[in-house]
Each structure stands twice: as structure tokens, then as C-alpha cells.
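Novice:
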Amino acid sequence: MEVGSMPYAWPEDTDFALWELDVLDRDCPFCGRMMYVCDHRYRRVHTLDGPVQLVCKLNHCPDPRCPGHAKTKSPELEVTIALPKWAIGWDVFCWIGHRRFSRHWSITQIRGELFDSFGIKVSDDSLTRYARHYQVMLAARQQDPEALRRQYDSVGEIILSIDGLQPEKGHETLYVVRELTQKRVWFAEPLISATADEVRRLIRKAKAWAESLGKPVALWLSDRQDAFVTGIAAEFPDVPHRYCDNHFLRDVAKPVLEADSHAKVAMRKKVRGLRTIEQAVLKRQRVVDAKPHEADAAVTLTSMDPPAAVPDADSGDGVVLDYCAAVRGILNNDQGGPLHPPGLQMAEALSEVRDSIQRNVDAQKGGSQNSNSADWPAASTVDSKPFETNKKRSASTSRTSRKSPRPSNPESGPAPSGERRLKD
Ligand SMILES: [Zn+2]
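In our numbering, the protein residues as written are 907 to 1330.
(1) Are the CB atoms of L1080 and S1067 within a distance shorter than 7 angstroms?
(2) Could you tell me the boundaries of the beta strand (DSSP E) in which E1085 lies?
(3) Can you find a heavy atom of ligand 1 that lies under 6 angstroms from the Cβ of K937?
(4) With a cut-off of 8 angstroms, do at least 3 Cβ pairs link the segment 937-948 to the segment 986-1001?
(5) Use the C-beta contact count for H1010: other C-beta atoms within 10 angstroms, 16 or more gives buried, fewer gives exposed.
(6) Judging by CA-CA distance, which residue of R1006, M940, V1083, S1118 is the nearest neighbour of A1053?
(7) Extract the residue ranges of the alpha helix (DSSP H) inside the segment 975-1034, only unbroken runs of 4 or more that lie entirely within it.
(8) Are at least three pairs of beta-carbons, each pair with one atom in the segment 1130-1138 and one in the segment 1166-1173, less than 8 angstroms apart?
(9) With a cut-off of 8 angstroms on the beta carbons, I'd call V951 and E926 a contact; round off their distance for me.
(10) Where L1033 and Q959 are concerned, what is the direct C-alpha to C-alpha distance, given to the nearest angstrom?
(11) Just grab the DSSP bridge partners of T953 for me.
(12) At which residue ranges does the segment 1044-1078 contain complete beta strand (DSSP E) runs of 3 or more residues, listed in the order of the chain?
(13) Could you give the DSSP three-state label for H1246: helix, strand or coil?
(14) To the nearest angstrom, how far is it from the Cα of Q1088 to the Cα of R1055?
(15) Label N965 either buried or exposed according to how many other C-beta atoms from any shown protein chain fall within 10 Å of its C-beta, with 16 as the threshold for buried.
(16) Using 8 angstroms as the threshold, is the segment 994-1011 in touch with the segment 977-984, meaning 3 or more CB pairs across them?
(17) Taking only the alpha-carbon atoms, compute the straight-line gap between A976 and R1107 and give it to the nearest angstrom.
(18) Could you tell me how far apart the beta carbons of L1044 and D997 are, in whole angstroms, since I believe they sit closer than 8 angstroms?
(19) Distance check for Q1264 and V1123, CA to CA, integer angstroms please.
(20) What separation, rounded to the nearest whole angstrom, lies between the Cα atoms of C934 and C967?
(21) Pull up the CB-CB distance for V1193 and Y1229, whole angstroms please, since I reckon it's below 8 angstroms.
(22) List the DSSP bridge partners of A1094.
(23) Which value, in whole angstroms, describes the spacing of the CA atoms of P1143 and E1074?
(24) Is G956 near ligand 3 - that is, is its Cβ less than 6 angstroms away from at least one heavy atom of it?
(25) Can you tell which of E1164, D1031, L1127, A1112 has its C-alpha closest to the C-alpha of H1147?
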């Protein structure tokens, strides 16, 4: 059995961080057109920082006659987070390898410590496979040149990445050189202290591999630490070297979303009382409707169940209800990621509503005041949880919030466990 290929059973209440991955090079490899997102693949992996759900946006060529239409392209960086079929990220993988081979821990010990310190549950079988994989990677037994050449036969260009993985401060760092088009680890070396010379040696080694395959290197990706920048510039002077925006996003995402979340809470605290306003409108409507019959004046409206008398959309009451619905939608919207923080969208939408109301008030100035307005409760003095109802959680895949789509909403959420394979 392959490493980690057994479906992993995630507890129902797992709180996944969502990481979206885009295809970086979106030109169709066959015709050069801009490719479209055609599907998403969801994967869940353990990291030392907690469980992560990867949302991999798959691209294909929009032209049905192009060979690039039937072939989907996965985000290049997926492999820098976890290899295919892994249930753990690279950081956990390195942690396991380090414990096993530098500290000579037993598998049982590793399993216990992974769970105690990180809440990560991995079976002994899987741990054994990960450890073996780590060993093989270091021994670089996959350097069989013939096998490698076969795998790269049909590949036009190569994309390389280098990464220094250090699960814990003070320990050796595992330097990994990966080739992203074929999702392969080319080689890995643990270095206690990585001088610029050592790093350059690894980059030179990657160059030798690429040359032996006879394939041009189109791009290097890294977190652009100094040794990488100088080493790559020296060995690959004409090859672009991009900042791996995934690193960048990961670093900024957390503080941005935390601040944004605080802002949302503050706004929700301030904008309250929707339900009370709606109830007042509906109650008044009932009274109006009931008047002709007068007899049964039992018009105490206690529930928000679909009201018998929905106010005419053009009436003043209808407008008020529309505003309430709009504001509720705004307050419940939690879509967006670190690049489009949901709180920022909320603030913008709320000020649009305020401006709109202000325009109405201005237009009404000088006109007759609504005689009933005094009956209306003040908007901010009311019950403490007006927004719990109607909480729509459309599990859009573009969300990048810390909250995961709950399993209680399975049909709109991503695949419940493990990796959803592409339907080809
Ligand atoms: Zn094409």
C-alpha cells in the first residue's frame, strides 16, 4: 500500500484552516490560451499548526478542441505542502523523520508524542511508511537516472522549488528540492547549519539533474531567503525566481484574519435589533389587515413564522423589511480570505446601507413624518442574539476563513474526508 493512502478519518468537529491554491502558470501548454478554473480538489492534511483543508483550483483550457481541454492542471505548489496521498504536511513529515532517525525514537513513542503535543493521530502503520519514505528520500534512491528520464519524457519544461523545512527551532533543517510539474521530490538533505555554500551545492545538484534530463528550467520558486536568492542567481542566471506566494499568504493570513474577525464582532455588536424591527413592522401590518374584521383582534404576533400579510414591497413597511434582509445578509456573510477580508466587505456594505438610508431621510426632509415612527423600538436596545436564525453558510469554495464548512451541511460542503478524486 502507498504511503498514507488509507482514508483518514477526521473527527466531525475538526476546525480546518482553509488554504487555497491557484495554478501559477495559467497559459494552456498546448495553445497558450488563458486556462479557466474547471474544478476544485479538496485535501485535508495535518500540519504542526493544526489541520488544514487545501482547496486546489484545477485549470483547463476553455477550447474544447484543444488537447489542453481534457487535461486538468493542478496548482504547482500543492506538492510543497504535502505530497500526493499524504495525510500530513511536510512539517509533520520532517518532524517524524527527525524523531525516528536523529533521535532514534520508536514508532510507538512518535505516535504518542504526535498526539500529545499536536493532537495528530497517525497509525503505527502509516508512521512506519512515512519514516521509510523519509529514509528513502534522504538516501536519494529515487535517483535512478533511467526511471527519471522516462518520467520526464513528455515534459517540456521543469519548475523547481527549494525549501528549508525546520519543524522546530534549533534542530537541523531539511532542505528539499522538488520538481513541481511531476510532483516529485528530487532530493533532500538535512543540514545543521546551512551556509550559502551548502545551499549553493544543492542548487548546483539540481542543475546537474536538469541537464542530465535535457530539460530547461522555466522557473524557480522559494521563500527567497538570501542563500536561495544568491545561489539560484549564480547557477541559473537567466531563470526567473519567484517568491512562493503561498508562503507569503500563509504568513500574513493569520494576523489579517484575526484582526478582521475582531472588527466583524464589533460591527455585529453595534448593528443589532433587526428582528425587533421586523416584528414591529409585521405586527403593525397584522393590525392594519385585521381592522376590517375587527372581531378577532387576537393579533399578538409572537413568532416570526412566515407572516400571513407580507407588506407590499413598495410600501414603507416593505422597504423597511428589505433593508432588514439586506443588513442580515451583510452581517452573516463570512466569505472572503486574507486578500478580501470578510470584515472589510462587511464595513463597506454597511456604510452603503447607511448612505442609502441617509439619502431616503434627506429626500423625506420637509415632507410629512411617518406618524407611526415613534412606536418603533430603538435599533440597539434589543435582544442579544438576533442573528442566529437564518445563518446561511453557503459553503463556497472560495472561502478562506479559519472556520471550516461543517459536516452538518454535507451536500454543499467539500468532500467529507480525505481527498476527493477528480472525476475524469
Ligand atoms: Zn489550449
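Ideal Cβ placement from N, Cα and C applies to all residues, glycine included.
Fair warning: this is a prediction, and the values are worked out from it, not measured in the lab.
Specialist: Well, looking at it:
(1) Residue 1067 sits at position 161 when you count from the first residue of the sequence shown. Residue 1080 sits at position 174 when you count from the first residue of the sequence shown. Going by C-beta atoms, S1067 is not nearer than 7 angstroms to L1080.
(2) Sequence index remark: in the sequence shown, residue 1085 carries index 179 (1-based). E1085: member of the beta strand (DSSP E) spanning 1079-1085, first to last residue.
(3) In the sequence shown, residue 937 corresponds to position 31, counting from 1. One detail in the question is off: residue 937 reads as Cys in this sequence, not Lys. Yes - ligand 1 has a heavy atom lying nearer than 6 angstroms to the Cβ of C937.
(4) no
(5) Along the sequence shown, read from residue 1 onward, the residue named residue 1010 stands at position 104. Classification of H1010: exposed, given that the 10 Å Cβ count is below 16.
(6) The residue given as residue 1053 occupies position 147 in the sequence shown. Checked all of R1006, M940, V1083, S1118; the closest Cα to A1053 is S1118.
(7) 984-987, 996-1003, 1013-1024
(8) Taking a cut-off of 8 angstroms for Cβ pairs, the segment 1130-1138 and the segment 1166-1173 do not touch, as fewer than three such pairs fall below it.
(9) Your numbering for residue 951 matches position 45 in the sequence shown. Your numbering for residue 926 matches position 20 in the sequence shown. Between V951 and E926 the beta-carbon gap is near 14 angstroms, outside 8 angstroms, which marks them as no contact.
(10) Locating residue 1033 in the sequence shown gives position 127, counting from the first residue. Locating residue 959 in the sequence shown gives position 53, counting from the first residue. Distance between the alpha carbons of L1033 and Q959 is about 21 angstroms.
(11) By 1-based counting over the sequence shown, the position of residue 953 is 47. In the DSSP output, where bridge partners are listed per residue, T953 has G956.
(12) Runs of the beta strand (DSSP E) inside the segment 1044-1078: 1064-1071.
(13) Stepping through the sequence shown from its first residue, residue 1246 is reached at position 340. Three-state DSSP puts H1246 in coil, outside helix and strand.
(14) Residue mapping note: residue 1088 aligns to position 182 of the sequence shown, counting from 1. Residue mapping note: residue 1055 aligns to position 149 of the sequence shown, counting from 1. The alpha-carbon of Q1088 is positioned some 12 angstroms away from that of R1055.
(15) Counting from 1 along the sequence shown, the entry for residue 965 is found at position 59. Counting every other CB atom within 10 Å of its CB across the protein chains shown gives N965 a total of 16 or more, marking it as buried.
(16) no
(17) Counted from its first residue, the sequence shown places residue 976 at position 70. Counted from its first residue, the sequence shown places residue 1107 at position 201. Distance between the alpha carbons of A976 and R1107 is about 40 angstroms.
(18) Mapped onto the sequence shown, residue 1044 falls at position 138. Mapped onto the sequence shown, residue 997 falls at position 91. About 17 angstroms separates the two Cβ atoms, so there is no contact after all.
(19) Locating residue 1123 in the sequence shown gives position 217, counting from the first residue. Locating residue 1264 in the sequence shown gives position 358, counting from the first residue. Near 59 angstroms, if we compare the C-alpha coordinates of Q1264 and V1123.
(20) In the sequence shown, residue 934 corresponds to position 28, counting from 1. In the sequence shown, residue 967 corresponds to position 61, counting from 1. Here the alpha carbons of C967 and C934 stand approximately 6 angstroms from one another.
(21) Numbered from its first residue, the sequence shown carries residue 1193 at position 287. Numbered from its first residue, the sequence shown carries residue 1229 at position 323. The Cβ separation is near 21 angstroms, so there is no contact.
(22) On the sequence shown, residue 1094 is found 188 positions in, with the first residue counted as 1. According to DSSP, A1094 bridges with V1082.
(23) Translated into the one-based positions of the sequence shown, residue 1143 becomes position 237. Translated into the one-based positions of the sequence shown, residue 1074 becomes position 168. C-alpha separation (whole angstroms): 33 angstroms.
(24) Among the ligands present in this structure, namely ligand 1, ligand 3 is not found.
(25) Residue 1147 sits at position 241 when you count from the first residue of the sequence shown. Checked all of E1164, D1031, L1127, A1112; the closest Cα to H1147 is L1127.
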